[in-house]
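For reference, the structure discussed in these notes is given below.
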Amino acid sequence: MCGVVLILLFLVVPSSVQAQGEAAVPFLLISPAPRASALGESGAGIADDASAMFYNPAGLAFQHGYEVSLSHSSWLPQLQLSDLFYENLYFKAEMPSISGTIGASIIYMNYGEFNRTGESGPEVIGTFRSFEMAAALGYSTLITDEFSIGTSLRFIYSKLADVGAGQEQGKGIASTVSADIALLYKPKVLEIPLVGDIGNAFSVGMNLSNLGPTMTYIDKEQADPIPTNLRLGFGYKILNSEHNDLNFSLDFSRLLVRRYPPEEEKKPDPFYKALFTAWGDGGLQRVVEGVGLEYWYDKTVALRAGYFHEDEKYGNRKFLTFGGGIRYDIYGFDFSYISASDSSPLANTLRFSILINWQ
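Going by my numbering, the sequence shown opens with residue -5, and the numbers climb by one from there.
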């Protein structure tokens, strides 16, 4: 029955994951936070809330207080599968005693319930549930008052099926670990010729995520790499006044997984090698771009819009994103909406989150 679930994953996972990486656990690439999702799925250069655990853990070091947020999305609504959903929980806590900020996250993708049939016919002999999850702990600290580093360690668990198919000896269950390495630079003074000083307005961040060994479901000969990803992000405060704020966000991301055609009979490169060899397969054409604008009135009500772009040869996802948010005292609510063509399984995807932020 593992094959049945793999067919489902081929249908529900965004096309870029199939085309670019052919990696296991592609749910690790799904943008989890409605705020960043509304900004064209960008956020590595801003990273100023608990969801920095996903976009750029180094952003935690510039934050203060505590925050917990919970997000939910009925994933790929065009497929009309009610039990296909995606949830994530994020937490951050400023810890002066260890000169930094810690973060934690749990990401859960539910694929629903499936019938188990016998090898000789369509008779249903039982059911099983399929899901994937990842739990992570992170830490970030300031190297200077303008520059931070961050990291996170992640445990990944995938249950596609509880028994193998046909003569397979293993099960459709696998687990592994991964790590992220991140940087964020927020200069206080930065003179740009013909522009002036953009200090306290400009930021740039980098996150190299999901560095880790392969996932083995059946045997090591069929192990799959996890989706190592490089994200480079920029943020800029276009307007920062008492009642009006306008923020710009721009991200570039590149999946760093290297697989070879079947006729070459070569295993995928290990992650430490794929960091370099993946660029030989598609080069910069495989870079995905996301851009967005965020307007805040009185730091209470937010409106957001963005655009996501992927090369037509490597996934061809292109869509507009919209969203908004509300903050009242220590509470917050955010949502995002993907406006794509009806032929796209991502069309009409809604994400919602609630958060509590306190000192």
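Note that CB positions come from ideal geometry on N, CA and C, so glycine has one too.
With 16 or more other Cβ atoms from the protein chains shown falling within 10 Å of its own Cβ, Glu304 counts as buried. Between Ser243 and Leu33, the CB-CB gap stays under 7 Å. Between Pro207 and Thr170, the C-beta gap is smaller than 7 Å, which places the two residues in contact. Around Leu233, the same chain offers Asp239 and Leu240 as residues with beta carbons nearer than 8 Å, after the five sequence neighbours per side are excluded. Under the DSSP assignment, Ser31 falls in the alpha helix (DSSP H) whose first and last residues are Pro28 to Ala32. With a 10 Å radius around the Cβ and a threshold of 16 neighbouring Cβ atoms, Gly277 comes out exposed. Runs of alpha helix (DSSP H) with 4 or more residues, each lying fully within the region 262 to 327, are found at 265 to 271, listed in chain order. Comparing alpha-carbon positions, the option among Asp323, Val285 and Gly274 lying closest to Val295 turns out to be Asp323.
The C-alpha of Val62 is placed about 9 Å away from the C-alpha of Ser45.
For Phe125, there is no enclosing alpha helix (DSSP H); the residue is part of the beta strand (DSSP E) that begins and ends at Val118 to Leu136. Selection Asn82, Phe265, Val198 and Gly190 evaluated against Ala217 yields Phe265 as nearest (Cα-Cα).
Distance from the CA atom of Lys312 to the CA atom of Ala38, rounded to whole angstroms, is 20 Å.
The alpha-carbon of Asp42 is positioned some 15 Å away from that of Leu287.
Residues of the same chain with a CB within less than 7 Å of the CB of Asn109, apart from the 5 flanking positions on each side, are Val118 and Thr121 in chain order.
Per DSSP, the unbroken alpha helix (DSSP H) holding Phe48 starts and ends at Ala46 to Tyr49. Along the region 216 to 271, the beta strand (DSSP E) occurs as fully enclosed runs of 3 or more residues at 223 to 234 and 238 to 249, listed in sequence order. By DSSP's assignment, Leu205 forms a beta bridge with Ala173. Put simply, of Phe149, His58, Ala130 and His66 the residue whose alpha carbon is nearest the alpha carbon of Thr95 is His58. Distances from the CA of Asp292 to each of Val251, Gly319 and Leu202 were compared; the closest alpha carbon is that of Gly319.
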